[in-house]
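What follows is a short report on a single structure.
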Amino acid sequence: MFRSLTCAVLIFGACGCLSPENRFLQTGAQAFDGSDGFGGVAFGALIDSKFLSGQQFMFKVRLMDEHARPIKSRNGAYQDERGNVAAQKTLMILSGGSGTERAEVRIPANELELRSSDFPVWIGYGLIQPDGSTFAEVFRPLPRNTQSIVQRYVAATYGEQPREPEPRRTVRRRTVRRPTTSRGSSLWRPSSKEKGPGFCPQHGIYCDCPLRQDVPGEYVQRQPRTAPPRPRATSRPTRPRRSQEPSPDRRYNRDPR
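Using our numbering, the first residue of the sequence shown is number 42, and each one after it goes up by one.
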């Protein structure tokens, strides 16, 4: 039993727990100074590696616009195999078991190839295997403070003003004031088939007085509900009411005795 349990633990560890894994614990981008002020952007990442000791990867960073489209390179100094702006660096995993690795690449300011229409900029951090397949990849936006520095550099270099965010569109709804009763219930109900009463300039509401204007409206007046009078029962004949006063025969025709 102990031997079978040991074999099960080893198989489980080889299939799941001991499987190679890489993930990005932290990513960042920061502007660095150059001889003329803004020198470029440094991209760094903290990678958590598990059971990848002795393996080689390519740490790659590429730029994308707000629509996730890659930025094309113009001079070809910092580009990938597809001609897009990218920077890469060979990374060798040396820590055995579980550990962390730091990687950093830099792109000079004149190689960013950004324009005002590309902002906000997104960054793709990836680990590429020697055969060219992607082992791990994450996408992060360029930090706000770094993005503002790059925008000012683009505006000063290419004479393009930074694009302002589009104003938020608000939908204004048309409200119709309806007269209400003392209890607060509305006397008007929507109707598109009937022609409602017009507006009265004297009372300031929609009414049926002679001074109203015959303008087709969208509301018709609802008559208050009143209970109909109850019909009197006629199935049984009513007896005449007796007089409260005594009859003359009973009053004067008395026995003198």
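Yeah, the Cβ is synthetic: ideal placement off N, Cα and C, and Gly gets one too.
Kindly indicate the opening and closing residues of the alpha helix (DSSP H) around residue i.
| i | result |
| --- | --- |
| residue 192 | 185–199 |
Return the first residue and the last residue of the beta strand (DSSP E) that residue i is part of.
| i | result |
| --- | --- |
| residue 89 | 78–91 |
| residue 102 | 97–105 |
| residue 130 | 127–133 |
| residue 166 | 163–169 |
| residue 118 | That residue, residue 118, is in no beta strand (DSSP E); it is neither H nor E in DSSP. |
| residue 180 | 175–182 |
Whole angstroms is fine: what's the gap from residue i's alpha carbon to residue j's?
| i | j | result |
| --- | --- | --- |
| residue 182 | residue 105 | 9 Å |
| residue 140 | residue 200 | 47 Å |
| residue 118 | residue 111 | 16 Å |
| residue 170 | residue 85 | 19 Å |
| residue 73 | residue 93 | 32 Å |
| residue 179 | residue 78 | 30 Å |
| residue 158 | residue 145 | 27 Å |
| residue 151 | residue 172 | 31 Å |
| residue 131 | residue 164 | 19 Å |
| residue 134 | residue 168 | 12 Å |
| residue 83 | residue 174 | 24 Å |
| residue 156 | residue 120 | 17 Å |
| residue 232 | residue 271 | Here the model assigns residue 232 a pLDDT of 44, short of 50, so the residue's position is not dependable, and the following value carries that caveat. Looking at the two C-alpha atoms, the distance is approximately 32 Å. |
| residue 88 | residue 97 | 13 Å |
| residue 198 | residue 122 | 27 Å |
Are the beta-carbon atoms belonging to residue i and residue j less than 7 Å from one another?
| i | j | result |
| --- | --- | --- |
| residue 81 | residue 190 | no |
| residue 166 | residue 126 | no |
| residue 67 | residue 99 | no |
| residue 142 | residue 76 | no |
| residue 187 | residue 109 | no |
| residue 115 | residue 154 | yes |
| residue 161 | residue 107 | yes |
Pull up the CB-CB distance for residue i and residue j, whole angstroms please, since I reckon it's below 8 Å.
| i | j | result |
| --- | --- | --- |
| residue 196 | residue 64 | So it is not a contact: roughly 37 Å between Cβ atoms. |
| residue 113 | residue 124 | 6 Å |
At a Cβ threshold of 7 Å, is residue i touching chain B?
| i | result |
| --- | --- |
| residue 142 | In the displayed structure, chain B is absent; only one protein chain is listed. |
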